[in-house]
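*Asks:*
Now the structure itself:
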């Protein structure tokens, strides 16, 4: 297949309410002082940041560029030397706003003596969650991150990847409106990485705001709406991924495989219009896609593993309302699961409604049908195989398409270029 | 592993029991006694085997692991007890049983505390995790195991040839001291460790990004340690009580020994000392003595008719009181004990405790005293007492008149020789003791005081941990603990280490006057003196920051059968519990709330 793709890789998300700022930093500065209070290093230098409700915001930069420091200031773990921060319109050290925040630090700092269930139980208590409510959420989360089978082992014995998973679960225990992820995919295998990315996208579609801090550019590119690129404590560039990445001077066209004659015809046509083809190539699939396919096949064959189970439950969990029509009972279960997690905490001992959250913000904004179906197909294919004995899926488990939104491809240029002949070939 | 499997297991277990017992009864009814017994035994063995199978099947479940540990511990205890019984080691049997029950009590209490902390609240969540940390991270567990082993083992170390009274007193002293010291160390290390580790290992990042205020975090940590201490103090207190009772049942050296144990150790007695008469008599004595010492040694006490400095006043007053406690040859002195009450309990007498000391040698080491109580002779003729030894004379409660007992002690004229002056220590040389309550409530109040001290140490450790690393914070906390425990001794040592030339003065005067004194010493070339003054000043300033634990140490009182009064306990609650712990908490909170928990890493 030769694909000519002219659509933006990230369709604008209509669910993002760009009017409301969840995080706002103005002239934020953090100076590192020595014992004698002499200024040593400007870790963060007068940066301005705005994270809006419903968007995935990426903070990019090499090691030591100040992104972790910025995140720690937003979380109230460090105090700014100068400048202002408002999180949900409040001071970052205001305890009340913490009810709305989930945080996954760059390394998972857990109590080695607690097991996974106790760990989540501890963090649940901190949110005043009632015992029944807490237990229900914990089981759902453990299943989601694939640790339900090893939940009674102390987390000190967990591998790094498993610790990341439990770290992610604790970040989600309060169904946060703002999820702050510091290097979320560090230490995860490609399946886990993919799960995190799917989770981020899913949460975004459910109206959550995500602040992602990473130096793994591929991760950021896959999920972020807007990014800030930091270096030396300063923001060097900021904008939407499309704005920053689009190469205005080039156009890529993707179509099914063309013969030498077809290509020649295209070239001639373009020459008539004063353009010429710079490069014709067979696209390669991503290594990530290949890897996930191999793992998926192995799981379908029933190969055994002693590590964390894959993400079968995650797929069901993340599909939410959108996936219900396209999938079997497993999908309904996943939907029910995420709804249980996101429903208002009616059993909470001390429920505090966020004054900033518009009514029904936790409900999924209706996405465009095409997007939803596409995403569900990808997730389904990726994750359906991890159940020990999966029910025969209703959809064929074809290799996932990393490039989304075929339906949205504007094919008019292609049609005009190739005429009816190509269309007949397709048929 | 599934629920259905579990139900099947339970069903088969019940079936084994019912079938075994049923068949056994049937056989019994038929008169086949041996066969009935055999069947019952087989059924029990099968049931035990089935339990083992269940434990093995569900060994991954935490509850099953707990049950397995409990069963293994019980079996091990029974084996040791049977072995000790067979070999005739009674004390080993008692000690092992004690260790077992204290451990069982501890774990049951732990389950209760964990259940109490099950509600969804940040303070309770932090407290419960602290308790899990204490038990699972082994640091605290080492101290707990040491205590649970030590208390039951102590009676084994006592010499049975000793008087029973001393054995009981030794046991009470050592066991309470071990409880206090080990729990204090555990509390300090636990409090300092929990907070410094969480900061250095960064678990605090996760907790502090949840809706938990810094104050709630500290309160949760303190609550966890305080509850753990309630449990440990209660378990140790229970152990001490039971082993004291067992010890008392041992052979006494004599009936008098047994009576002493009951009346002078296992009692809560109030001690009353005579008050030196105030007013003209005493001031006349004071003036006389002042004149005399000034004439004898004007260099030290000052010229006659010059103003008397405070420290000279105090010194002469002390001499006058000591003189009042001294009875010269053929002289007598009356000591009035007020607010004496009839002792609580049957067959109880008021105890007159006295320790006479002769100023010279007395024949065979005995002194003789004529004693009259409320103008009636205690006995016909003088009482014969060993010199420099504590004696207790029993006085019937009826002798009290309007809450008063007037003891007139006379240094009698002896045939052919003169007995030297007899004196009594001003602090406890003459005491009237009456029983005000039982040992049990006294022990309870003592344990409460030990717990209050632990509560302060927990807050101290947490506060130190908020801004220091583990080694520094531990060191500081230990220093304060040692200084607090030995506060009385340290105060005295510092006073005698270096003397201010102008005598004792208030803290404020000292701060103002000391720089001048230092300069004066330096100018005079007395660098050593200046240094000593400086050290004393630093020491005393440090002691100002340390609560006087010494005043609230119940151990010597309890071992001496003296009452740990409600007043003392109330003062301890007020001073140690509220003021010192509260102040430390405020300091800790103020530091912690403004502290940056993360480090800037660039």
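Chains as they are written, first to last, in this note's numbering: chain A, -8 to 418; chain B, 1084 to 1685. By construction, the Cβ of each residue, glycine as well, lies at the ideal position given by its N, Cα and C atoms. As the structure is a prediction and not an experimental result, all values here were calculated from the model.
Would you mind stating whether residue 1273 of chain B and residue 1236 of chain B have Cβ atoms separated by less than 8 Å?
*Replies:* For the purposes of this step, residue 1273 of chain B is taken as the residue at position 190 of the second chain. For the purposes of this step, residue 1236 of chain B is taken as the residue at position 153 of the second chain. No, they are not a contact pair.
*Asks:* Just curious, the alpha helix (DSSP H) that residue 1563 of chain B is in, first and last residue?
*Replies:* Taking the first residue of the second chain as 1, we reach residue 1563 of chain B at position 480. From DSSP, the alpha helix (DSSP H) with residue 1563 of chain B extends over 1553 to 1568.
*Asks:* What residue from A/254, A/281, A/234 has the CA that sits closest to residue 268 of chain A's CA?
*Replies:* Translated into the one-based positions of the first chain, residue 268 of chain A becomes position 277. The option with the nearest alpha carbon to residue 268 of chain A is A/254.
*Asks:* Using a Cβ-Cβ distance under 8 Å, would residue 1549 of chain B count as near chain A?
*Replies:* For the purposes of this step, residue 1549 of chain B is taken as residue 466 along the second chain, with counting starting at 1. Cβ-Cβ to chain A under 8 Å: no for residue 1549 of chain B.
*Asks:* Exposed or buried, which one is residue 266 of chain A when buried takes at least 16 other CB atoms within 10 Å?
*Replies:* Taking the first residue of the first chain as position 1, residue 266 of chain A is located at position 275. The residue in question, residue 266 of chain A, is exposed, as its Cβ has fewer than 16 Cβ neighbours within 10 Å.
*Asks:* Quick one: does residue 119 of chain A have its CB under 8 Å from some CB of chain B?
*Replies:* Taking the first residue of the first chain as 1, we reach residue 119 of chain A at position 128. Taking Cβ atoms only, chain B reaches closer than 8 Å to residue 119 of chain A, which makes this a yes.
*Asks:* Are the beta-carbon atoms of residue 1553 of chain B and residue 1279 of chain B separated by less than 8 Å?
*Replies:* Walking along the second chain from the start, residue 1553 of chain B turns up at place 470. Walking along the second chain from the start, residue 1279 of chain B turns up at place 196. Going by C-beta atoms, residue 1553 of chain B is nearer than 8 Å to residue 1279 of chain B.
*Asks:* Would you please verify whether the beta carbon of residue 1661 of chain B is less than 8 Å from any beta carbon of chain A?
*Replies:* Translated into the one-based positions of the second chain, residue 1661 of chain B becomes position 578. No - not a single Cβ of chain A is within 8 Å of the one on residue 1661 of chain B.
*Asks:* For the segment 124 to 144 of chain A and the segment 58 to 66 of chain A, state whether three or more C-beta atom pairs, one from each stretch, are separated by less than 8 Å.
*Replies:* No: fewer than three Cβ pairs fall under 8 Å.
*Asks:* Let me check understanding here. Comparing Cα to Cα, which of B/1239, B/1418, B/1503 lies closest to residue 1455 of chain B?
*Replies:* In the second chain, the residue the question calls residue 1455 of chain B occupies position 372. The shortest C-alpha separation from residue 1455 of chain B is found at B/1418.
*Asks:* Which runs of the beta strand (DSSP E) at least 3 residues long sit entirely within the segment 1593 to 1651 of chain B? Give them in chain order.
*Replies:* Fully enclosed beta strand (DSSP E) runs of 3 or longer: not present.
*Asks:* Go ahead and pull the three-state DSSP assignment for residue 421 of chain A.
*Replies:* Outside the shown range of chain A, which is -8 to 418, sits residue 421 of chain A, and nothing can be said about it.
*Asks:* Count the other CB atoms, across all protein chains shown, that sit within 10 Å of the CB of residue 190 of chain A; report buried if there are 16 or more and exposed otherwise.
*Replies:* Your numbering for residue 190 of chain A matches position 199 in the first chain. Its Cβ being crowded by 16 or more others within 10 Å, residue 190 of chain A is buried.
*Asks:* In the DSSP assignment, the beta strand (DSSP E) including residue 1312 of chain B goes from what residue to what residue?
*Replies:* Position 229 of the second chain, counted from the first residue, corresponds to residue 1312 of chain B. Counting along the chain, residue 1312 of chain B falls outside any beta strand (DSSP E), though it belongs to the alpha helix (DSSP H) covering 1297 to 1331.
*Asks:* Using a C-beta cutoff of 8 Å, does residue 70 of chain A count as contacting chain B?
*Replies:* For the purposes of this step, residue 70 of chain A is identified with residue 79 of the first chain, where counting begins at 1. True, the Cβ-Cβ gap to chain B drops below 8 Å.
*Asks:* Using three-state DSSP, classify residue 1490 of chain B as helix, strand or coil.
*Replies:* Taking the first residue of the second chain as position 1, residue 1490 of chain B is located at position 407. DSSP places residue 1490 of chain B in strand when its eight states are reduced to three.
*Asks:* Using a beta-carbon distance cut-off of less than 7 Å, what residues from the segment 1294 to 1314 of chain B approach chain A?
*Replies:* Flagged, chain order: 1294, 1295, 1296.
*Asks:* Take the Cβ of residue 193 of chain A as the centre, count every other Cβ of all protein chains shown within 10 Å, and call the residue buried at 16 or more, exposed below.
*Replies:* To locate residue 193 of chain A, count along the first chain from 1; it is residue 202. Result: buried.
*Asks:* Mind pulling the alpha helix (DSSP H) runs of 4 or more residues that sit fully within the segment 209 to 282 of chain A?
*Replies:* You should have 232 to 236, 251 to 263.
*Asks:* Taking the straight line between their C-alpha atoms, what separation do you get for residue 1604 of chain B and residue 1576 of chain B?
*Replies:* Walking along the second chain from the start, residue 1604 of chain B turns up at place 521. Walking along the second chain from the start, residue 1576 of chain B turns up at place 493. Those two C-alpha atoms are separated by around 21 Å.
*Asks:* Find the nearest neighbour of residue 1622 of chain B within the set B/1573, B/1330, B/1315, judged by alpha-carbon distance.
*Replies:* Within the second chain, residue 1622 of chain B is the residue found at index 539, counting from 1. Of B/1573, B/1330, B/1315, the residue nearest in Cα terms is B/1573.
*Asks:* Between residue 51 of chain A and residue 206 of chain A, how many whole angstroms is the CB-CB distance? I'm expecting something under 8 Å.
*Replies:* Translated into the one-based positions of the first chain, residue 51 of chain A becomes position 60. Translated into the one-based positions of the first chain, residue 206 of chain A becomes position 215. Confirmed, about 7 Å.
*Asks:* Along the chain, where does the beta strand (DSSP E) containing residue 36 of chain A start, and where does it finish?
*Replies:* As a working mapping, residue 36 of chain A is identified with position 45 in the first chain. Here the beta strand (DSSP E) through residue 36 of chain A covers 30 to 44.
*Asks:* If you draw a straight line from the C-alpha of residue 1153 of chain B to the C-alpha of residue 1478 of chain B, how long is it?
*Replies:* Indexing the second chain from 1 puts residue 1153 of chain B at position 70. Indexing the second chain from 1 puts residue 1478 of chain B at position 395. The alpha-carbon atoms of residue 1153 of chain B and residue 1478 of chain B are separated by roughly 54 Å.
*Asks:* Looking at chain B, which residues of the segment 134 to 157 of chain A have a Cβ within less than 7 Å of any of its Cβ atoms?
*Replies:* Hits within the stretch, in order: 143.
*Asks:* Assuming residue 1156 of chain B and residue 1234 of chain B are in contact, meaning their beta carbons sit under 8 Å apart, how far apart are those beta carbons, in whole angstroms?
*Replies:* For this step, residue 1156 of chain B is matched to residue 73 along the second chain. For this step, residue 1234 of chain B is matched to residue 151 along the second chain. Wrong, their Cβ atoms sit about 18 Å apart, outside the cutoff.
*Asks:* Say whether chain B places a C-beta atom closer than 8 Å to the C-beta of residue 429 of chain A.
*Replies:* The shown model of chain A, from -8 to 418, leaves out residue 429 of chain A, and the question about it has no answer.
*Asks:* Report the rounded CA-to-CA distance for residue 74 of chain A versus residue 239 of chain A, giving the unit in angstroms.
*Replies:* Taking the first chain and counting its residues from 1, the one referred to as residue 74 of chain A is at position 83. Taking the first chain and counting its residues from 1, the one referred to as residue 239 of chain A is at position 248. Each residue's Cα considered, the two are about 36 Å apart.
*Asks:* Leaving aside the five residues before and after residue 1189 of chain B along the sequence, list all residues of the same chain whose C-beta is less than 6 Å from its C-beta, in chain order.
*Replies:* As a working mapping, residue 1189 of chain B is identified with position 106 in the second chain. Taken in chain order, the residues that qualify are 1318.
*Asks:* Using a Cβ cut-off of 9 Å, which residues of the segment 1201 to 1220 of chain B contact any Cβ in chain A, in chain order?
*Replies:* Correct list: 1201, 1202, 1203, 1204, 1205, 1207, 1208, 1209, 1211, 1212, 1215, 1216, 1218, 1219, 1220.
*Asks:* With residue 1514 of chain B as the anchor, note down where its beta strand (DSSP E) starts and where it stops.
*Replies:* The sequence position of residue 1514 of chain B within the second chain is 431, counting from 1. Where residue 1514 of chain B is concerned, the enclosing beta strand (DSSP E) stretches over 1513 to 1521.
*Asks:* Report, in whole angstroms, the separation of the C-beta atoms of residue 1340 of chain B and residue 1247 of chain B, which I expect to be a contact under 8 Å.
*Replies:* Here residue 1340 of chain B is taken as the residue at index 257 of the second chain, counted from 1. Here residue 1247 of chain B is taken as the residue at index 164 of the second chain, counted from 1. Confirmed, about 5 Å.
*Asks:* Using a C-beta cutoff of 8 Å, does residue 161 of chain A count as contacting chain B?
*Replies:* Taking the first chain and counting its residues from 1, the one referred to as residue 161 of chain A is at position 170. Yes, residue 161 of chain A counts as interfacial toward chain B.
*Asks:* Would residue 1285 of chain B pass as an interface residue toward chain A - the criterion being a Cβ-Cβ separation below 8 Å?
*Replies:* Translated into positions along the second chain, residue 1285 of chain B becomes position 202. Yes, because at least one Cβ of chain A sits closer than 8 Å to the Cβ of residue 1285 of chain B.
*Asks:* Comparing the C-beta of residue 1555 of chain B with each C-beta of chain A, is any distance below 8 Å?
*Replies:* Reading the second chain from its first residue, position 472 is the one you call residue 1555 of chain B. So no, residue 1555 of chain B is outside the interface.
*Asks:* Relative to the C-alpha of residue 1238 of chain B, which residue among B/1182, B/1228, B/1275 is closest?
*Replies:* Taking the first residue of the second chain as 1, we reach residue 1238 of chain B at position 155. Comparing Cα-Cα distances from residue 1238 of chain B to each of B/1182, B/1228, B/1275, the minimum goes to B/1182.
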